[in-house]
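Undergrad: Counting with my numbering, you get residues 18 to 208 for the letters of the sequence shown.
After the structure tokens below, expect a handful of questions from me.
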Amino acid sequence: MIEIDDKIVSVDILKECFSCDLGRCKGICCVEGDSGAPLDIDEVDILEQEWENYAPYMTKEGRAAIEEQGFMVVDTDGDYTTPLVDNAACAYAFEENGITFCAIERAYREGKCSFIKPLSCHLYPIRVMRFRNGTMGLNYHRWAVCSSARECGKGLGILVYRGLKEPIIRAFGEDFYKQLELAEDMLKEMK
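This is the structure in structure tokens:
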């Protein structure tokens, strides 16, 4: 672990490789799991405000899940998460040519929505933990369904944090990203 500002960062984020391989995994991360994607409370308001912009990209089952459950649910750990369709796929997911995509992100990429997608999805495989003292922990989450992403990242030589430059800057700012680059250089020097 290394400390940058008020964040404790797993060294694995700077050493391990990861690059999504949708051709192999088919977006299964939006379908598997025992609860939806983690949400920050302010994201719930944004999801509600942007509803009309991304709803046309959703499945009818996903829209029904939102209408029935709301824009978020509280999971068994007490965390805010995206609702699920039949305890499986994220309500915001849709399938195209056998691959699962995010309706919110599709609307964003097509200029219809100002919100790209929940930060927890954008940052994956980095998981953020918030401690009571205000410190954040950034951990590298290893999920079996992402084995192809680890293989792809290794083959391409893409470190976790480098592949996540855009969401890291979105979440923590450019200065923090530059600190990660410096930390990577320090780790290389220590070898």
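For every residue, glycine included, the Cβ atom is placed at its ideal position computed from N, Cα and C.
1. Would M89 and G44 be called neighbours here (beta carbons separated by less than 9 Å)?
2. So, are the CB atoms of E20 and V28 less than 9 Å apart?
3. My output table needs one value for R159: the three-state DSSP class, helix, strand or coil.
4. Y74 and A105: beta carbons closer than 9 Å?
5. So if DSSP puts P100 in a beta bridge, which residue, or which two residues, is it bridged to?
6. Please determine, among W160, D38 and K24, the residue with the shortest C-alpha to C-alpha distance to G172.
7. Using CA atoms only, rank isn't needed, just tell me which of E78, E168, V61 and I30 is closest to V91.
8. Is the separation between the beta-carbon of M203 and that of D23 shorter than 9 Å?
9. With H, G and I counted as helix, E and B as strand and the rest as coil, what does DSSP make of P55?
TA: Based on what the coordinates show:
1. no
2. no
3. coil
4. no
5. Paired residue(s): none; P100 is not in a bridge.
6. D38
7. V61
8. Not a contact, by the Cβ cut-off of 9 Å.
9. strand
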